[in-house]
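A.B. asks: Taking my numbering, the leading residue of the sequence shown gets 132, the next gets one more, and so forth. C-beta: ideal position from N, C-alpha, C; glycine also.
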Amino acid sequence: MREFQWIRQREELETDSPGVSLPVIEIRLVRRSLFRRLLKLMMTRSGDDCFPFESNVLREIDVSSVSTPDRKGDETKDRKETEMKFLRGELSCDTTDGDKLEEFSDRFLIFSVLTMEDVPRYYRGLEKGFGSERMYLTMLHYLAKFGRFREAVEFFQRWEKSWGFFDSPVPYRIAGFLYAHLLEMDEAVRCYLRYLSSEHQDARAEVLSFLGKAYLLQGRREEAVEVLERSQSLQYNPFDHRLLAVVTSPGWRAARLSVCIIARDEENTLPRTLQSVAGIADEVILVDTGSKDGTRDIAAASGCRVIGSPWQDDFAGARNAGLREATGDYILCLDADEFIDSRERLKFALFKQILPRERHLAFRTRIEAEEPEEEMLVMLHLPKQTQADCPVRIFPAQRNVFFESPAFETAERSLADLGIEVKWNDVFKVTHARQDRPRRERRKDAAVRAAFSFTDVLDIAWKGFVHFLAAGDLASALPWLERCNLEDVKFAARIVSLYALYEVAGLDFFLQRMLDRFPSSVELQVAAADYRTAQCRHGDVVSLLEPLLEAEELGRDRQQSARARFLDGLSLLETGDLENGVCRIADARDLDPWNLRYKIGGIYALAKAGHWEGVARAVEDVGAAAGVPGTPSLSDFSGLALRLIEISRHFLETGKRRECSLLQKVAEMIVHPQDPTVAPPSPAPAIQPC
């Protein structure tokens with residue numbers, strides 16, 4: 132805290148003189164280097180009404196007025212600069228509506244005054260009792276945003292104890308929200324009632340809504356219905372309307388929910404899974420498929436029913452073993468590395484209240500990957516980098532509901548046979564941990580291969596393809612890809628390009644099917660040419676691209692046009708048409724001069740044409756552009772070959788496979804010349820054009 136100074140606001144005071152008011156100064160954590168300047172910006176009268184908590188520094192500062200009558204022109208001129216200073220943390224004075232800035236609010240969740248590195252210091256200052264109510268509420272919003280509810284409640288309790296009373300009832304509204312997410316409903320109800328006992332009206336409908344739900348989760352149905360109806364009369368809430376319709380139906384009772392988990396050697400992730408459903412699930416059944424660590428002990432200690440089931444490379448069989456033991460009305464299936472996030476637990480508990488007693492619905496549930504750097508992503512306004520899966524995980528507990536397929540198991544066919552409708556669960560989501568994910572994926576390989584026979588009857592081909600693709604096994608992914616029904620031509624083109632990059636053979640069936648389905652897709656045709664180039668089918672490439680280039684069907688897409696010309700040029704070189712091949716590659720470089728692959732293609736064209744001085748100059752340029760250290764002599768062919776190998780090795784290490792391959796071909800022409808009219812003479816004391 133040595134770099135910062137706390138200053139405190141005094142409320143606007145009444146004076147005997149009409150029209151005279153003292154300035155309002157909110158608490159700010161201010162960098163000491165800016166302290167004097169900030170005071171001048173914030174004060175318009177004197178420094179007598181502003182004091183520090185821990186020092187007399189203000190008494191030593193001569194505060195002068197900065198208020199001037201007509202400054203509209205200056206304000207307009209300087210507004211952008213002022214806003215940027217706020218955002219950079221160089222300015223820390225109070226904002227006005229005209230500034231259109233908010234300081235670390237629940238809306239933006241980012242400081243306009245403090246950097247992200249300053250947040251812990253800000254927090255420590257609040258813990259000591261410094262700060263205005265607004266700053267404490269902002270910190271509570273921040274902690275709640277990222278699911279840190281226990282930390283937020285402890286923070287609120289210290290704040291309440293330190294201050295003794297609040298300037299407004301708003302802290303009790305926020306505290307009720309925090310306690311509710313911890314499922315501590317007695318404390319939540321206390322805080323909500325404390326808020327409602329005040330005359331504060333701003334969020335009355337919202338608080339009544341939360342209070343009604345808290346009553347419902349306490350088992351106080353009649354009170355819950357009364358309060359929810361009052362809330363609806365003030366402000367309509369779609370979920371509350373849905374909730375009321377269910378809980379007021381004749382004979383309603385909350386459904387009993389069984390959670391079924393399959394696990395093997397999951398002692399690291401299982402505790403979080405079990406904790407996330409504790410207090411909500413009526414029973415938890417864990418099917419252990421042969422754990423050798425503490426998985427079974429952890430499950431038993433938490434009150435689970437543990438069932439042993441030998442692992443036979445069959446996820447459906449393991450899940451069905453759990454279904455047979457469930458006694459609830461509904462079943463939620465989880466993996467041992469999946470959990471209900473703390474921000475979703477209250478929604479999960481409420482979802483259980485609206486499960487229909489008729490047991491005629493199943494629910495597709497969103498499963499998202501955990502994002503460890505979520506706080507950083509939010510503060511930097513970056514999107515999450517994960518995509519969700521949406522399998523059917525919640526369904527009625529009925530004897531004839533079962534999973535099938537050794538991997539990517541699904542119960543949808545059995546649900547359809549029973550006439551059970553599948554709907555979207557739009558209330559809560561499930562999160563799966565990234566911890567040990569690669570190990571789990573490798574462990575399921577045998578089950579995935581066994582599931583291939585189910586692709587005729589189940590829509591699982593895409594999942595199998597993605598599984599092997601993620602493992603880097605493109606050859607094993609091919610049979611699954613051939614059974615996929617892709618409708619996105621751009622995505623199909625990217626898949627073809629991926630197989631071209633890694634030079635994996637066997638894509639012809641899928642490729643031809645896509646070309647037949649999307650005959651006018653230029654992107655797909657260029658990707659097909661790339662794949663056939665990788666397979667050394669140069670005549671096919673020329674036959675495919677020459678009509679496309681002559682008809683000018685590539686239009687204004689410079690990237691695709693350059694790529695097509697480059698691929699056509701390479702194939703022309705390989706089929707012996709040096710003149711047109713060189714021209715095509717030169718055209719590609721003109722369209723995309725920064726593309727390293729095209730530059731190296733130019734080197735290959737020069738080598739094919741026997742212009743070795745040009746090759747030497749181009750190799751040095753490419754080496755410098757790629758940042759490859761070392762400048763060996765290029766005055767003879769041995770030096771040139773060594774430099775080519777050195778640069779190609781660098782490209783291989785950095786994942787540029789095709790650039791590496793082309794440079795190796797040029798080096799091969801030097802080391803093992805096959806065409807005496809093109810290759811360099813040997814021995815050769817100096818590089819000369821042939």
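1) Which whole-angstrom value describes the C-beta separation of V797 and A738, a residue pair presumed to lie in contact below a C-beta threshold of 8 Å?
2) Quick check on the DSSP output: the alpha helix (DSSP H) that includes V390 runs from which residue to which?
3) Based on the DSSP secondary-structure assignment, which residues constitute the bridge partners of R436?
4) What does DSSP give as the partner residues of V553 in its beta bridges?
5) Below 7 Å, is the gap between the Cβ of E751 and the nearest heavy atom of the ligand ATP?
6) Run the CB neighbour count on A385, radius 10 Å, all protein chains shown included, and call it buried at 16 or more, exposed below.
7) Tell me whether the beta-carbon of I84 lies closer than 8 Å to the beta-carbon of V759.
8) Going by DSSP in three states, R524 sits in which element: helix, strand or coil?
9) Tell me whether H803 sits in a helix, a strand or coil according to DSSP, three-state version.
10) My output table needs one value for T785: the three-state DSSP class, helix, strand or coil.
11) Which full runs of the alpha helix (DSSP H) of 4+ residues lie inside the segment 346-381, going along the chain?
12) When you compare only the Cα positions, how much space is there between D237 and A578?
13) If distances are taken between C-alpha atoms only, which option among F287, E634, A528, P678 comes closest to R663?
14) Please state if the CB of S692 and the CB of L727 are separated by a distance shorter than 8 Å.
15) In this structure, does DSSP put F470 in helix, strand or coil?
16) Please tell me whether A493 and F526 are closer than 8 Å, where the distance is taken between their beta carbons.
17) Expressed to the nearest angstrom, what Euclidean distance is found between the alpha-carbon atoms of E543 and A528?
18) Determine the contact status of G733 and I716, defining contact as a CB-CB distance below 8 Å.
19) Assuming the contact rule is C-beta atoms closer than 8 Å, D424 and D396 should be a hit. Round their C-beta distance to whole Å, please.
20) Going by DSSP, name the residue or residues bridged to I498.
21) Helix or strand or just coil, what does DSSP make of I485?
22) Could you round the C-beta distance between W611 and F599 to whole angstroms and report it? I think they count as a contact, below 8 Å.
23) Would R427 and V418 qualify as a contact pair, given that the criterion is a beta-carbon distance under 8 Å?
24) Could you check whether L342 and V320 sit closer than 8 Å to each other, using their CB atoms as the reference points?
25) CB-CB under 6 Å to S422, same chain, minus the five flanking residues each way: which ones, in chain order?
26) Using CA coordinates, which residue listed in A772, C435, E751 is at the minimum distance from P804?
27) Determine the DSSP secondary structure at E285, reduced to helix, strand or coil.
28) For the alpha helix (DSSP H) containing F277, name the first residue and the last one.
29) Please go through the same chain and pick out, in chain order, the residues whose beta-carbon is closer than 8 Å to the beta-carbon of F649, but skip the five residues on each side of it.
30) Please determine, among E799, I801, L388, A757, the residue with the shortest C-alpha to C-alpha distance to G786.
31) Classify C615 as helix, strand or coil using the three-state DSSP reduction.
32) In three-state DSSP terms, what is S236?
33) If the criterion is Cβ atoms closer than 8 Å, does the pair R696 and L679 meet it?
34) Leaving out five residues on either side along the sequence, give the residues of the same chain with a beta carbon under 6 Å from the beta carbon of Y326.
35) Quick one: give me the first and last residue of the alpha helix (DSSP H) that G637 is part of.
36) What are the start and end residues of the alpha helix (DSSP H) that includes P402?
C.D. replies: According to the structure shown:
1) 5 Å
2) That residue, V390, is in no alpha helix (DSSP H); its beta strand (DSSP E) goes 388-394.
3) I416
4) A493
5) With respect to the ligand ATP, the structure shown offers nothing to examine, as it has no ligands at all.
6) buried
7) What the structure shows of the chain is the stretch from 132 to 821, and residue 84 is not part of that stretch, so it cannot be assessed.
8) strand
9) coil
10) coil
11) 352-365, 369-378
12) Because D237 carries a pLDDT of 33, less than 50, the predicted location of this residue cannot be relied on, and no value is offered for it.
13) E634
14) no
15) strand
16) yes
17) 14 Å
18) yes
19) 5 Å
20) D520, V561
21) coil
22) 7 Å
23) no
24) yes
25) R395, D396
26) A772
27) helix
28) Looking at the DSSP string, F277 is not in any alpha helix (DSSP H), and its letter there is neither H nor E.
29) V620, A623, L655
30) A757
31) coil
32) Confidence at S236 is low in this model, with a pLDDT of 36, below 50, so the placement of that residue should be treated as unreliable; the coordinate-derived value is given next. DSSP places S236 in coil when its eight states are reduced to three.
33) no
34) P300, Y303, R304, V338
35) Where G637 is concerned, there is no enclosing alpha helix (DSSP H), given that its DSSP letter is neither H nor E.
36) 401-408
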